[in-house]
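Some notes on the structure that comes next.
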Ligand SMILES: *Cc1c(COP(=O)(O)O)cnc(C)c1O
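In my numbering, the protein residues as written are 187 to 678.
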């Protein structure tokens, strides 16, 4: 098989292997690594039909990570997708009222981030070994709530790594915060910043680009990497479940071979929907990719007008993991529609950094026809939860509800639609239970877990049991402009 290399979206001279891209996370000049071309699957849809999740993962990931041996990659997959998940299938495809919900929340921290972050530590330590890296790897992570816990759980006590997570102090759900601040492990730190997710993400990106800081750390035997979806080691494992979902629909006779399906993704940093696009480029018959936003609808406006403009109020919503105004992974799509022109991409990203806004050209806009956007207001999100529950008994989390609402409004008539279901409703218990019954609004959050279990006829997940009564270990806080100092003090 041909080796696949990775380029930077902002510098055409750079070319690295998959394992090097995973190790560094972000390219040296702030660009993101992208495959030279998105590889095609080398199996037919029919062959995919009977495969387990792990087998599908190998089929997809080996096309992207060509410098991993079969033994290395299969080892990573085996260690990642095991009994940490509460279903043997790893993900479930549930048909509700003629729509398919792809439940991606059966991992250890009950959000879809587990799909990639269960395997990233293994990909990263394998990459370090392959490249003879002896430095300790410091994982810097900004989180809008779910990445943080999933990354902490994945990297806790992993030899040769340390992880520091930054989350917005008042920008995550109570369950999300408790999950993070109770995390055990002697290589983990959690810091609440006084700011929003965009501040946290910009702070982390700035540290990656800080050459002086990089040298200082190297002297101490450290190097940075990222667990955010800017790391292709996050993105590649996310392609797998879209391939798997298509194969399951086929296996269950829900679709004909080669029938087009639409995918709706509740979107924040644009990682999950980009993975769906990569699945399409690999050869999966996907029609439209529908990007669903909450009231922070920067992406909806972008798909409508071709103007990306983050100069607007940041809204705190009941779907906090999508409260993002700078969607990092959009850069990878911009690069593709700019004809893989790294200069053009770099200039647009500089405009975004300096003025908070850029506009794409007509020829670029024309290449976005596979995508469309939609959004749900706070009221529409709550109404969707209540409506679906009332009609079917199925309980959606707030993020999935945003996508479900958008699906109703925008899916093509007659086409089967798969909605990425990104979190368990237990994680956002207060908002979800209030949407179902207004009288829950003033009830204690912890009391609502039992009610949720009764109402949804599902068992309380282990992740919830784990936070009940757990000790709070992490209490660090810092201002958004003091993240670098905080990292230095943590690392001594
Ligand atoms: C992270 C997250 C999202 C957004 O995913 P992106 O890949 O950042 O677009 C949506 N829903 C939930 C529950 C999440 O945790």
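Heads up, the beta-carbon is just placed ideally off N, CA and C, and yes, glycines get one too.
query                                                                                                               : result
At least three beta-carbon pairs within less than 8 Å, the segment 449-456 to the segment 198-209                   : no
Start and end residues, beta strand (DSSP E) containing residue 281                                                 : 278-282
Cβ pair residue 542, residue 591 closer than 9 Å                                                                    : no
Residue 510 CB to nearest heavy atom of ligand 1 below 8 Å                                                          : yes
Distance, residue 582 Cα to residue 633 Cα                                                                          : 19 Å
Beta-carbon proximity list for residue 317, same chain, < 7 Å, skipping 5 on both sides                             : 205, 206 and 209
Beta-carbon spacing of residue 507, residue 608 below 9 Å                                                           : yes
Collapsed DSSP secondary structure at residue 312 in the structure displayed                                        : helix
Residue 188 classed as buried or exposed, judged by whether at least 16 other C-beta atoms fall within 10 angstroms : exposed
Reduced DSSP secondary structure (H/G/I, E/B, other) of residue 249                                                 : helix
Closer than 8 Å: residue 637 CB and nearest ligand 1 heavy atom                                                     : no
Which of helix, strand or coil DSSP assigns to residue 327                                                          : strand
Residue 662 versus residue 599: straight-line alpha-carbon distance, rounded                                        : 51 Å
Residue 412, enclosing beta strand (DSSP E) - first and last residue                                                : 408-412
Residue burial classification, residue 658 (beta-carbon count within 10 angstroms, cutoff 16)                       : exposed
Neighbourhood of residue 395 by C-beta, 7 Å cutoff - its chain only, sequence neighbours within 5 removed           : 216
First through last residue of the alpha helix (DSSP H) which encompasses residue 384                                : 383-395
Residue interval of the beta strand (DSSP E) (run including residue 202)                                            : 197-202
Short Cβ contact (9 Å threshold) for residue 211 with residue 412                                                   : yes
Three-state class that DSSP yields for residue 631 in the structure shown                                           : helix
Those residues which DSSP pairs with residue 380 across a bridge                                                    : 665
N- and C-terminal bounds of the beta strand (DSSP E) containing residue 433                                         : Run containing residue 433: none in the beta strand (DSSP E); it sits in the alpha helix (DSSP H), 418-437.
Boundaries (first-last residue) of the alpha helix (DSSP H) holding residue 263                                     : 256-266
As assigned by DSSP and simplified to three states, the class of residue 456                                        : coil
DSSP beta-bridge partners of residue 606                                                                            : 288
Any non-hydrogen atom of ligand 2 closer than 8 Å to residue 297 Cβ                                                 : Of the ligands this structure carries, namely ligand 1, none is ligand 2.
Check: residue 452 C-beta below 8 Å from any heavy atom of ligand 1                                                 : yes
Pair within 9 Å by beta-carbon distance, residue 245 and residue 228                                                : yes
Cβ contact (3+ pairs, closer than 8 Å) linking the segment 392-409 and the segment 363-377                          : no
Residue 676 burial status per 10 Å Cβ neighbour count (16 or more: buried)                                          : exposed
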